[in-house]
Amino acid sequence: MLEYIKSYLDSNTTPGQAGNLFWASVYILLIFLGLSVAVIAMNWLERKILAHMQVRLGPMRVGPHGLLQPIADAIKLLIKEDIMPSQADGFVFWVAPIVVVITAFTVFIVVPFGPTHAVTDMNIGVLFMLGVSSLSVLGIVTAGWASNSHYPLMGALRSSAQMVSYEIAMGLAVVSAVLMTSLNQTGTGTLSMIGIVQSQQVQQIWFAFKFFPLGLIAFFVFAVAMVAETNRAPFDLPEAESELTAGFHTEYSGFRWSLFFLAEYSAMIAVSSIAVTLWLGGWLRPFPHLLSGSTWDLVFSLLPGITFLLLGLMAFVGVFRMPKHPYFRVQTIGLAGFGVVLGLIGLLLFLPPVRDRIQDVFWFSAKVAFFMYLYIWYRGTFPRYRFDQLMKVGWKVLLPVGIGVLILTAVAGVLL
Amino acid sequence: MTDPTFHLELQEHEKTFLDSNELIINMGPQHPATHGVLRVILKLDGEKVLGTECVIGYLHRGVEKIAEHRTYTMFNPYVDRMDYVAAVSNGLGYCESVEKLLNVEAPPRAKYIRVILAELNRLASHMLWLGTHALDIGAITPLFYTFRDREEILKIFEKYCGARLTTHAFRIGGCLYETYEGFEREVKKFLDFVTPKIGEYEELLTTNRIWVERTRGVGTISAKDCIALGVTGPVLRASGVKWDIRKAQPYAAYADFDFEIPIGQSGDTYDRYIVRMEEMRQSLRIIAQAIDRIPEGPIMAKVPKVIKPPVGEIYHSIEAPKGELGYFIVSDGSTQPYRVRVRPPSFVNLQALDLMVRDQLVADVIAVIGTLDIVLGEVDR
Amino acid sequence: MVAKLKTHYLSGILEANTYLGQNYMIVETSIVSELLQVLRDQEQFDYCVDITAVHYPRREKQFDVIWILYSFPRNERIRVKTMIADGETAPSAVPIWPAANWLEREVYDMFGIHFDGHPNLKRILLPDGWKGHPLRKDYGIIQQDQEWVKINLGIESGQ
Amino acid sequence: MQPVATTFFFYFLSGLTLIAGILVITRRNPVHSALALILALLGQAGLYLMLYAPFVAGVQIILYAGGIMVLFLFVIMLVNIEKSQKEEQFNKQWVVGILAAVALGVLFVLVYTKGKSLFPDRVAQLPEQSNTQQIAVMLYGNYMFTFEIASLLLLVAIIGAVVMAKKRI
Chain F
107 MLEYIKSYLD
117 SNTTPGQAGN
127 LFWASVYILL
137 IFLGLSVAVI
147 AMNWLERKIL
157 AHMQVRLGPM
167 RVGPHGLLQP
177 IADAIKLLIK
187 EDIMPSQADG
197 FVFWVAPIVV
207 VITAFTVFIV
217 VPFGPTHAVT
227 DMNIGVLFML
237 GVSSLSVLGI
247 VTAGWASNSH
257 YPLMGALRSS
267 AQMVSYEIAM
277 GLAVVSAVLM
287 TSLNQTGTGT
297 LSMIGIVQSQ
307 QVQQIWFAFK
317 FFPLGLIAFF
327 VFAVAMVAET
337 NRAPFDLPEA
347 ESELTAGFHT
357 EYSGFRWSLF
367 FLAEYSAMIA
377 VSSIAVTLWL
387 GGWLRPFPHL
397 LSGSTWDLVF
407 SLLPGITFLL
417 LGLMAFVGVF
427 RMPKHPYFRV
437 QTIGLAGFGV
447 VLGLIGLLLF
457 LPPVRDRIQD
467 VFWFSAKVAF
477 FMYLYIWYRG
487 TFPRYRFDQL
497 MKVGWKVLLP
507 VGIGVLILTA
517 VAGVLL
Chain Y
68 MTDPTFHLEL
78 QEHEKTFLDS
88 NELIINMGPQ
98 HPATHGVLRV
108 ILKLDGEKVL
118 GTECVIGYLH
128 RGVEKIAEHR
138 TYTMFNPYVD
148 RMDYVAAVSN
158 GLGYCESVEK
168 LLNVEAPPRA
178 KYIRVILAEL
188 NRLASHMLWL
198 GTHALDIGAI
208 TPLFYTFRDR
218 EEILKIFEKY
228 CGARLTTHAF
238 RIGGCLYETY
248 EGFEREVKKF
258 LDFVTPKIGE
268 YEELLTTNRI
278 WVERTRGVGT
288 ISAKDCIALG
298 VTGPVLRASG
308 VKWDIRKAQP
318 YAAYADFDFE
328 IPIGQSGDTY
338 DRYIVRMEEM
348 RQSLRIIAQA
358 IDRIPEGPIM
368 AKVPKVIKPP
378 VGEIYHSIEA
388 PKGELGYFIV
398 SDGSTQPYRV
408 RVRPPSFVNL
418 QALDLMVRDQ
428 LVADVIAVIG
438 TLDIVLGEVD
448 R
Chain L
780 MVAKLKTHYL
790 SGILEANTYL
800 GQNYMIVETS
810 IVSELLQVLR
820 DQEQFDYCVD
830 ITAVHYPRRE
840 KQFDVIWILY
850 SFPRNERIRV
860 KTMIADGETA
870 PSAVPIWPAA
880 NWLEREVYDM
890 FGIHFDGHPN
900 LKRILLPDGW
910 KGHPLRKDYG
920 IIQQDQEWVK
930 INLGIESGQ
Chain Z
27 MQPVATTFFF
37 YFLSGLTLIA
47 GILVITRRNP
57 VHSALALILA
67 LLGQAGLYLM
77 LYAPFVAGVQ
87 IILYAGGIMV
97 LFLFVIMLVN
107 IEKSQKEEQF
117 NKQWVVGILA
127 AVALGVLFVL
137 VYTKGKSLFP
147 DRVAQLPEQS
157 NTQQIAVMLY
167 GNYMFTFEIA
177 SLLLLVAIIG
187 AVVMAKKRI
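Residue numbers (this note's numbering), protein chains in the order written: chain F, 107 to 522; chain Y, 68 to 448; chain L, 780 to 938; chain Z, 27 to 195.
Quick look at the structure:
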């Protein structure tokens, strides 16, 4: 069994492509677990970072520094009664969250965590991703309609109109990125995600910085459309508390609501991982060619270990600053344990075999984490767009800019 | 209790108006964005607001009726409960009106203390307004900044008069309590603490593109309409009318401080925001001057134990944070006022809501209610 | 200014003097609306600060309706008072100052004084079905409209 | 990548599409039939994948399921459907229905027997060029002109829609 695993680890094709379903399902399981852990972490992170941005502490009571808060939330949501409005359309009411969750998760089939770490490498990767993300609109529309009350319906219509219009801007930005892949003299362009990252590797430049302003503009168009696609931060009008109570998922509660919650976060992670793959060189470590050479490779390979050690250190700082009152004894032990675990992971990551394998997954998730921080930062600072302004930005600003960038990239590609 | 007979002013002469997707939404009394218990009935055409009608009175406690059964001093705490956000200025207005009735003058030191506390209260009221207004429009962070700073002011109030919100700080004829030891030092410390903080709010909002887009050109009202509708306070000044009772008819030692009155040009939500931020700075200037030049001396004028003002009536108004707060007191010579009429700025400003919101969008109704800075305790009395 | 008005309305103005530095005029009900119009147009009293009423049950003309006006250009206040009996209607100032709309509605709500010419004279603070006008002297302080309370709130009585 | 259990997937997908198709017409509630239609379209996308045409499947998902069906649901939701649900679904023309079905059946049989040469005899193979390139070459190569005409047609349709809605903006 061991050499079977070893033989797989250094094979150069993704499991899906290699056709062995066993490894593909292992990957799917891994991604599913990784994603739910990420969603739980995001839940805690969002509340803490947002709190600290707003001069307050965020959850501190459940577990040390609120670390157990997400778990408490999950349990609460599971236990809470799951009511359904009386005349609601049962079947559709039940289907809607399922649709939204499925679409949010299927995007990850295509996302490349490493040259071989992706469930499968479809040669229409990007197209598949766009298609699935457009399906999630259906879930939201049906959810809004199924709870047949006035406000969720308006919320659903608004959010679907918003997502449909920002999808186009997103598509244009993605096309201009895909266009860049084909402009190297060596091969023709490719839609497959791993192909895109490899062409960035070959062209020795991240697409965000290719043809200097164009790549960046396309990246920004995508970044804005991405935020609007997931109904977050300045574009979170459908859940605007001040007007439409809670938008399309007002009538949901308990487990079904947590499905929407899960779908929203995984959609956020999915969309930012696409941005990372297309523009920021998926699993490539930063400055692969400027700072090449073995010394730099070593330094960069040590970084994952260092980050985990740093996290462990932060946990220990928390332990020392924990008040000495006996009530906090359990929490201090918990925090110390957490710190030790982090430290161990950090040390583990220093072992040579683990070190170079973890490299690309680490860099990919670091970049995605950066995007997550951006999401939270937006939520802290920006007020909300009004619906017509939201549409204006979508149609009158992002769309023309997207088309312009597309044309310019094509021209630049031909000329340069 | 939905009263079917509600009556929209525009119903009679726009009968042919109800075409297919006419929508009447009830922004109910317990809606998150109405500051207190205000019910606005919106007549919508899709997103556009065609007309509004405000249903108020949910918080009506009959203050004026109670006044006729209380003596002058006993009625003083009731006044704080009207505009519970700016309780100090309510008390100031009432005490000064009765002093005018008694033809008594508060000693200079009491006047200075009154000015300091009133301006601190204006700051607290504007901070609360900024926090909730930004929250309505979606910016969550300013709320926490403003409440952290407002806490400092409430600490000073608590130390001086024992209560944080409904302070009952003044008595007829001056102030009851001498300033506690270290009052000046604490207020000075507060001034240095807050001045950069206002810069922080401005940094967060003034140049924030989305904030500008959500407020510029929203709920505009011209100077002429403001005066016709009796709108006063920052809303009037934002429309370009340079009028502030502290300057026009100075009361309680405002004459010997120099401060400007900020005015806006176009009278939209953004100008009101700028005017109120500037007013906060002016209040800081006033407090600084007042603290430096606070005279020594008695804090209570010679006022009889039982107040029996001569027969007669007076109207006296002060510049409350929301606008002109006026008291019309009729006395029949007995210890209880015969009639106390309170002219509440929020009540009259709210009347302008219908004009300001016409042909705007639903999201703007929330922004306009926020920018009018109404407090329902004062609207319903 | 008062002298000029006096020559014009001779009998109409019953009394005009100042008390504690605030000048006020007591005017005949018949000429009140015309006087208000003049005050706004010629004398630039463009801001109607407040409209209120006071109830003197013992006088045969029971109510005092009071208009408090202010002029921006002249930075001056004036109070115009008129006396009307119970049941009589007072002229509405809404066509002159739109601000009067809610103020008059409140006076009607609290005192029961009808203002003719008011576009939408309806109770503003109390619920529409409420009987009785609280700010009248004969209205007890803890008195409530039992019948309304029973129907709408379904409780025996508010007390 | 050699295909895996194709026969099972083929029958599963075509069965799915068939059932969904039937559901579309039998459901009383329009939203249910719209969802069934989406299911049918996804089934079709699966079949395209079976024929090694991933690009077409991708476009099918984006355009049909993601775009047009959303607008279907939009329209269904905006027009309140309580009234239409009450009406009797099947009116009396089932006779005409039967006749049409019979004619269609005859047509199928004829095409199947006569046009044997039309159907490819062998199972679809993995084409050498990737599917996207094939389509690109076809679309922008020899059918360039028709592609432009089609886009012009769409443009006219959009402008028409805007003009019709103009009076409301």
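Even glycine gets a Cβ: it sits at the ideal position worked out from N, Cα and C.
Reduced DSSP secondary structure (H/G/I, E/B, other) of residue i
| i | result |
| --- | --- |
| Y:E120 | strand |
| Z:N157 | helix |
| Z:L65 | helix |
| Y:W278 | helix |
| L:L793 | strand |
| L:E935 | coil |
| Y:E391 | strand |
| L:G829 | Checking the sequence shown, residue 829 of chain L turns out to be Asp, not Gly. Reduced to three states, the DSSP call for L:D829 is strand. |
| Y:F237 | strand |
| L:W846 | strand |
| L:A869 | strand |
| Z:M190 | helix |
| L:Q801 | strand |
| Y:K309 | coil |
| L:F894 | strand |
Pairwise C-alpha distance: residue j and residue i
| i | j | result |
| --- | --- | --- |
| F:F313 | Z:T172 | 34 Å |
| F:W385 | F:S255 | 42 Å |
| Y:W278 | F:L521 | 42 Å |
| F:I464 | F:Y133 | 15 Å |
| F:L320 | F:L390 | 21 Å |
| Y:H124 | Y:Y321 | It is worth fixing the name first, because residue 124 of chain Y is Gly in this sequence and not His. If you take the alpha carbons of Y:G124 and Y:Y321, they lie about 35 Å apart. |
| Y:A230 | L:Q925 | 37 Å |
| F:L139 | F:F211 | 11 Å |
| L:V844 | L:M804 | 12 Å |
| F:V303 | Z:V57 | 41 Å |
| F:V280 | L:P898 | 60 Å |
| Y:L75 | Z:G84 | At Y:L75 the pLDDT is 44, less than 50, meaning the model places this residue with poor confidence; the figure from the coordinates comes in the next sentence. Rounded to whole angstroms, Y:L75 to Z:G84 spans 54 Å at the Cα level. |
| Y:P175 | Y:H193 | 27 Å |
| L:S812 | Y:M149 | 32 Å |
| Y:A173 | L:R838 | 36 Å |
| F:V216 | F:V143 | 19 Å |
Sequence-distant residues of the same chain with beta carbon closer than 8 Å to residue i, five excluded per side
| i | result |
| --- | --- |
| F:E335 | S239, M269, Y272, E273, M276, A373, V377 |
Same chain, Cβ closer than 7 Å to residue i, neighbours up to 5 away in sequence not counted
| i | result |
| --- | --- |
| Z:A62 | A46, L49, V50, R53 |
| Y:L258 | L351, I354, A355 |
| L:Q939 | The requested residue 939 of chain L does not occur in the structure, where chain L is confined to residues 780 to 938. |
Own chain residues within Cβ distance below 6 Å of residue i, not counting five before or after
| i | result |
| --- | --- |
| Y:L455 | The requested residue 455 of chain Y does not occur in the structure, where chain Y is confined to residues 68 to 448. |
| Y:V407 | E131, A134, I396 |
Residue-chain proximity (residue i, chain C), Cβ-Cβ < 8 Å
| i | result |
| --- | --- |
| Y:E391 | No chain C is part of this structure, whose protein chains are labelled F, Y, L and Z. |
Q | Inter-stretch contact (C-beta, 8 Å, three-pair minimum) for the region 196–203 of chain Y and the region 248–261 of chain Y | A | No, the region 196–203 of chain Y is not in contact with the region 248–261 of chain Y.
Q) Which residues, in chain order, does the region 44–55 of chain Z contribute to contact with chain F at a C-beta distance below 9 Å? A) Residues passing the 9 Å Cβ filter: N55.
Q) Is the region 346–362 of chain Y in contact with the region 181–191 of chain Y, if contact means three or more CB pairs nearer than 8 Å? A) Contact holds: three or more Cβ-Cβ distances are below 8 Å.
Q: Count the C-beta pairs between the region 382–394 of chain Y and the region 294–313 of chain Y that are closer than 8 Å, then say yes if the count reaches three, no if not.
A: Yes: at least three Cβ pairs fall under 8 Å.
Q. Listed from N- to C-terminal order along the chain, which residues in the region 485–504 of chain F have their beta-carbon within a distance smaller than 8 Å of any beta-carbon of chain Y?
A. Going along the region 485–504 of chain F in chain order, one finds R485, G486, T487, F488, P489, R490, Y491, R492, F493, D494, Q495 with a Cβ nearer than 8 Å to chain Y.
Q. Got a sec: which bits of the region 828–844 of chain L sit with their beta carbon under 7 Å from any beta carbon on chain Y, in order along the chain?
A. Residues V828, D829, T831, V833.
Q | Short-range partners of chain Y found in the region 165–190 of chain F, where Cβ spacing is below 9 Å | A | The region 165–190 of chain F vs chain Y, Cβ under 9 Å: nothing.
Q) Taking one C-beta from the region 410–422 of chain Y and one from the region 878–896 of chain L each time, how about it: are there three or more such pairs within less than 8 Å? A) The region 410–422 of chain Y is in contact with the region 878–896 of chain L.
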